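Mapping of the sequence shown onto this note's numbering: residues 653 to 731, in sequence order.
Here a beta-carbon is modelled for each residue, glycine too, at the ideal position from N, C-alpha and C.
Computed from a prediction, not measured in an experiment: that's the story for all the values here.
Below is one structure, written out as structure tokens; comments come after it.
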Amino acid sequence: MGIMENPEWKTTTLPAVGTLRWRYKTGDRIFSSPAMGICGTIYVGSFDHYIYSIYGGSSGIANTPWPMFHHDLRHTGRK
653 MGIMENPEWK TTTLPAVGTL RWRYKTGDRI FSSPAMGICG TIYVGSFDHY
703 IYSIYGGSSG IANTPWPMFH HDLRHTGRK
């Protein structure tokens with residue numbers, strides 16, 4: 653699943669197969685990379701001066717050796 657930005661300032665999620673799951677219109681463009689909190693909530697910032705939180709029912713990051721960019725929530729994998 654991915655989050656994408658489009659010219660109409662709508663946040664959209666697409667599963668791997670590419671069918672639309674939901675859409676939410678924001679006041680302006682989404683400008684930040686999504687960040688996931690410990691409980692699995694996804695946060696994105698917008699040029700409308702709001703931070704949007706998306707609860708997806710996840711239990712957090714994957715239980716794998718390298719589940720995310722820079723390794724973990726503390727980013728211990730970056731140099």
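In angstroms with no decimal places, state the Cα-to-Cα distance between residue i and residue j.
i, j, result
"Met688", "Tyr695", "6 Å"
"Met653", "Ile703", "Unreliable positioning characterises Met653 in this predicted model, as indicated by a pLDDT of 44, which lies under 50. The coordinate reading is nonetheless provided below. Answer to the nearest angstrom: the Cα atoms are 20 Å apart."
"Gly729", "Ser685", "18 Å"
Is the separation between the beta-carbon of residue i and that of residue j shorter than 7 Å?
i, j, result
"Ser698", "Thr678", "yes"
"Thr693", "Tyr707", "yes"
Could you check how far apart the C-beta atoms of residue i and residue j are, in whole angstroms? I think they sit under 8 Å.
i, j, result
"Leu725", "Ile690", "7 Å"
Item to check | Ranges of the beta strand (DSSP E) found wholly within the region 663-707, counting only runs of at least 3 | outcome: 674-677, 694-697, 703-706
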